[in-house]
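First residue of the sequence shown: 9, per the working numbering; consecutive thereafter. Glycine residues also receive a C-beta, built at the ideal position from the N, C-alpha and C atoms. Everything numeric in this text was worked out from a predicted model, so none of it was measured. This report concerns only the one structure given below.
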Amino acid sequence: MKYIEHGKGGGPECMAVAESAIPQPAPGQILIEVVCAGVNRPDCLQRSGRYPPPPDASPILGLEVAGRVKAVGEGVTEWKVGADVTALTPGGGYAEYCVAAASHALPIPNGMDYATAAALPETWFTVWANLVDLGRLKKSERLLVHGGSSGIGLVAIQLAKHLGAECFVTVGSEEKAAFCREAGAAHAVNYRTQDFAEELKHITGGSGVDVVLDMVGAPYLQRNLASLRRDGRLVYVAFLEGSKGEADLLPVMVKRLTITGSTMRPRSLAEKTAIRDALAANIWPELERGELLPHLHARFPLAQATEAHRLMESSKHIGKIVLEVGKA
Ligand SMILES: NC(=O)c1ccc[n+]([C@@H]2O[C@H](COP(=O)([O-])OP(=O)(O)OC[C@H]3O[C@@H](n4cnc5c(N)ncnc54)[C@H](OP(=O)(O)O)[C@@H]3O)[C@@H](O)[C@H]2O)c1
Numbered sequence: 009m010k011y012i013e014h015g016k017g018g019g020p021e022c023m024a025v026a027e028s029a030i031p032q033p034a035p036g037q038i039l040i041e042v043v044c045a046g047v048n049r050p051d052c053l054q055r056s057g058r059y060p061p062p063p064d065a066s067p068i069l070g071l072e073v074a075g076r077v078k079a080v081g082e083g084v085t086e087w088k089v090g091a092d093v094t095a096l097t098p099g100g101g102y103a104e105y106c107v108a109a110a111s112h113a114l115p116i117p118n119g120m121d122y123a124t125a126a127a128l129p130e131t132w133f134t135v136w137a138n139l140v141d142l143g144r145l146k147k148s149e150r151l152l153v154h155g156g157s158s159g160i161g162l163v164a165i166q167l168a169k170h171l172g173a174e175c176f177v178t179v180g181s182e183e184k185a186a187f188c189r190e191a192g193a194a195h196a197v198n199y200r201t202q203d204f205a206e207e208l209k210h211i212t213g214g215s216g217v218d219v220v221l222d223m224v225g226a227p228y229l230q231r232n233l234a235s236l237r238r239d240g241r242l243v244y245v246a247f248l249e250g251s252k253g254e255a256d257l258l259p260v261m262v263k264r265l266t267i268t269g270s271t272m273r274p275r276s277l278a279e280k281t282a283i284r285d286a287l288a289a290n291i292w293p294e295l296e297r298g299e300l301l302p303h304l305h306a307r308f309p310l311a312q313a314t315e316a317h318r319l320m321e322s323s324k325h326i327g328k329i330v331l332e333v334g335k336a
């Protein structure tokens, strides 16, 4: 099969098409003939050598795919050969064939194309785990999402809307701000021209938000703590601007704040299966109804993975980037 190799790692140009044997599904796994693969920021980190895959995962890039089940491993009963699926993968998505746990796959919602379906798993698994399970976001609460126009950010806006929570976002341009408002954010702060904490204080009449979903890190810590109200939760999914710094932690005690966070990839099989089941029950029916839709910014043929990563690292995109791998 063809796949994207990234050699010893480096800039986007280190990626090239190569050939290898088709992987075989182990017990409990399915082999997927990949039609499209989603591109995620963690792929860029792995490519550059800063995010090594777990020891039991494929070293090939790619955390989500959509395609057809080509074979099933021993003990798999929930999927039949030929079924259309979208799946969270532990790696291996940038390839014509990819294995995934049968219990980490979901059906492609009715009428949805493979490219759109390939853009679902990584962001929905991550946002559900961090906003619902860790962040305990509830109806009528207020959420602040940094990086509102990212793949993760746009799903967070949709999930907040679905839960009946009010969502505020920060973004790096007026175009992104307008897009996020259109997507359902009550307010979008351009962090290049405004101080988000001051702006939020103004908008909320000084009361703040219940949950912050952050991917920026240390430079925002003090202002995140200031923006949270009593019993607030600060949830980290990344540290794009670093994880080390100094902060006055007094607000944590005074306002009984919780600071937490998580990464999806090293979670156990059972934990990811539980998230899959929650998404199947709560989110897939909404996707079926067309109520929730990922925004695809761009598609590239597999051989142009370099261009896809360049675009992602430019941060000019809004929403998801997808690789076209095989025939629909
Ligand atoms: N913990 C997990 O399990 C998990 C899973 C998936 C993804 N992630 C992380 O979540 C983040 C979003 O992922 P994604 O795939 O949705 O990425 P993405 O679409 O590339 O979005 C990242 C966005 O963050 C903003 N940004 C980039 N560099 C920044 C910087 N240095 N400072 C502040 N903002 C910056 C940019 O928007 P602006 O123009 O608005 O700045 C950019 O569009 C990534 O950091 C990724 O590693 C975590």
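| Check | Outcome |
| --- | --- |
| Proximity of Gly70 and Cys106 at Cβ, strictly below 9 Å | yes |
| Beta-carbon proximity list for Cys188, same chain, < 7 Å, skipping 5 on both sides | Gly156, Ser157, Ile165, Val177, Val179 and Ala196 |
| Alpha-carbon spacing of Leu128 relative to Phe247, whole angstroms | 22 Å |
| Whole runs of the beta strand (DSSP E) within the segment 181-241, excluding any shorter than 3 residues | 195-198 and 217-222 |
| Candidates Glu13, Ile38 and Ala34: closest to Glu27 by CA position | Glu13 |
| Straight-line gap, Thr281 to Gly57 (C-alpha atoms, nearest Å) | 28 Å |
| Proximity test, Asn48 beta-carbon vs ligand 1 heavy atom, cut-off 8 Å | yes |
| Check: Val42 C-beta below 8 Å from any heavy atom of ligand 1 | no |
| Own chain partners of Leu287 with C-beta closer than 8 Å, once the 5 adjacent residues on each side are dropped | Leu114, Trp132, Phe133 and Trp136 |
| Ala123 classed as buried or exposed, judged by whether at least 16 other C-beta atoms fall within 10 angstroms | buried |
| Length of the line joining the Cα atoms of Pro227 and Glu254 | 9 Å |
| Nearest-angstrom Cα separation, counted from Leu162 out to Leu310 | 24 Å |
| Segments assigned beta strand (DSSP E), at least 3 residues, entirely inside the segment 125-152 | none |
| Phe204 beta carbon less than 9 Å from that of Ser235 | yes |
| According to DSSP, residues forming a beta bridge with Ile30 | Paired residues: none, contrary to the question. |
| Beta-carbon gap between Pro7 and Pro274 smaller than 9 Å | Outside the modelled stretch of the chain, which goes from 9 to 336, sits residue 7, for which no answer is possible. |
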